[in-house]
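Colleague: Shown below is the structure under consideration.
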Amino acid sequence: MKFSVYRYNPDADKKPYMQDYDIELHEEDHMLLDALIRIKEHDETLSLRKSCREGVCGSDAMNINGKNGLACITKLVDLEEPVVLRPMPGLPVIRDLVVDMTQFFEHYNSVKPYLVNNDPLPETERLQSPEDRAKLDGLYECILCGACTTSCPSFWWNPDKFVGPAGLMQAYRFIADSRDQAEAERLENLEDPYRLYRCHNIMNCVEVCPKKLNPNAAIAKIKDLKIERARERKITKKEIPIKVL
Amino acid sequence: MLIQLLTDKYPGMRLWLSQRLTAVIMASYVLFFVIMLIVQRPVGYEAWYTFVSPAWFRFATLLFFVCLFSHAWLGVRDVLRDYIFNLNLRNYLQMLVDILLVIYLAWVSVILWNI
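If you read the protein sequences in the order shown, they are chains C and S.
Under my numbering, the first sequence has 75 at position 80, and the numbering climbs by one with no breaks.
Under my numbering, the second sequence has 90 at position 88, and the numbering climbs by one with no breaks.
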């Protein structure tokens, strides 16, 4: 099977180049990651990240024939030859298919992806009703592979300012959590013209998500919620003097 | 109530909401225009003259174009900010867009009130 793989070693290469491989696959090689491991048997200088090999860790996200995806759950039979493999776009390349995800995780960190609850810890866990728990479906499954964020043109244009679909979906995951008490701060944290509102519904995120999640829907819910809360705040402010009287 | 959300206090929401509001107004106008066309079926100069003559119709059409140009201004502004990194060039282009849109609006007004 023919492959064309992006190669770049900043210590040795002046600029990136594409290297062709023609690999004899074995009967047990079904997924793209199997083929990449086979390539590495012939050329151990090729660098890539991999870990769980079953679409759970998100390590082997890369650009496959022009579309971001996970090598470990991409079937070889579905790919057109030569299979063109590049690192995820929009992030600095460390080497070959390995990108520096610092920016991605800084944005993720900026939305405080953890429960904020100032009540005393209960004896056991903080309980949720089945209905409240169901609100987190389609949000908590994100594996932070970065396929969505790095396929988003808004992120390519403003990687330092736009949080990106993955980060925003995690922001909504905690906004929607009935146990969280920092909804107002979380919404305020996304108010500037770039962090949230640079999403122009391009929908590449939905197209490429290997877990079939919908970051765009989460972003739309944050925008709706921001209007709702801002309007409620106006009403509450007007009511205060009346209550005092 | 919505107007209060279009203030400096909500810098991100203001731009996003403005684009949505102008889009809703434009869509409503287009729908209304098509319905009017179907109902009145103006054919010939006289019929069209009667169709567009009422003052309310001219103001509604002007509102449509104000929304169209505001919507376009917001969109082009984002595109320039995303693609033009040279600040001077970006400012010149933005100024050009601003002038063009003002000219277009004046042109539309002249056309509407000279029928």
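We put the CB at the ideal spot given by N, CA and C, even for glycine.
Quick caveat: nothing in here was measured; it's all calculated off a predicted structure.
Buried or exposed: K11/S, going by 16 or more other Cβ atoms within 10 Å of its Cβ?
Modeller: When all chains shown are included, K11/S counts as exposed.
Colleague: Can you tell me which of V0/C, H102/C, G162/C puts its alpha carbon nearest to the alpha carbon of L27/C?
Modeller: Comparing Cα-Cα distances from L27/C to each of V0/C, H102/C, G162/C, the minimum goes to V0/C.
Colleague: Using 8 Å for Cβ pairs, my map puts V94/C next to V88/C. What's the rounded Cβ distance?
Modeller: Their Cβ separation, rounded to whole angstroms, is 6 Å, which keeps V94/C and V88/C in contact under 8 Å.
Colleague: Pull up the distance between the alpha-carbon of R90/C and that of L19/S, whole angstroms please.
Modeller: Those two C-alpha atoms are separated by around 42 Å.
Colleague: Measure the beta-carbon distance from C143/C to P125/C and round it to whole angstroms, keeping in mind my assumption that it falls under 8 Å.
Modeller: Between P125/C and C143/C the Cβ distance is about 28 Å, and since that is not below 8 Å, they are no contact.
Colleague: Compare the C-beta of D84/S with all C-beta atoms of chain C and state if any pair is closer than 7 Å.
Modeller: Yes, contact with chain C.
Colleague: Excluding the five sequence neighbours on either side, which residues of its own chain have a C-beta within less than 7 Å of the C-beta of M96/C, listed in chain order?
Modeller: Around M96/C: L86, G141.
Colleague: So, does the CB of D187/C fall closer than 7 Å to a CB anywhere in chain S?
Modeller: Chain S contact via Cβ: present.
Colleague: When Cβ atoms are compared, which residues of the region 22 to 56 of chain S fall closer than 7 Å to chain D?
Modeller: No chain D appears in this structure, whose protein chains are C and S.
Colleague: Whole-angstrom Cβ separation of V201/C and P210/C, contact assumed at under 8 Å?
Modeller: Confirmed, about 7 Å.
Colleague: For R83/S, I'd like the list of residues in its chain whose CB is within less than 8 Å of its CB, leaving aside the five on either flank, ordered along the chain.
Modeller: Excluding positions up to five away in sequence, the list reads R92.
Colleague: Identify whether P13/S lies in helix, strand or coil by the three-state DSSP scheme.
Modeller: DSSP places P13/S in helix when its eight states are reduced to three.
Colleague: Can the beta-carbon of A166/C be found less than 7 Å from the beta-carbon of V72/C?
Modeller: Not closer than 7 Å, so no.
Colleague: When the cut-off is 7 Å and only beta carbons count, does Y192/C lie next to chain S?
Modeller: Chain S contact via Cβ: present.
Colleague: Residues in its own chain within less than 7 Å of K41/C by CB, not counting five upstream and five downstream?
Modeller: Note that residue 41/C is Leu in the sequence shown, not Lys. Correct list, in chain order: V0, I34, K35, D91.
Colleague: Roughly how far, in whole angstroms, is the beta-carbon of L95/S from the beta-carbon of F67/S, given that I think they are within contact range, below 8 Å?
Modeller: No, L95/S and F67/S are not in contact; Cβ-Cβ is about 22 Å, not under 8 Å.
Colleague: Could you tell me whether any Cβ in chain S is nearer than 7 Å to the Cβ of A225/C?
Modeller: Judged by the 7 Å Cβ criterion, A225/C is in contact with chain S.
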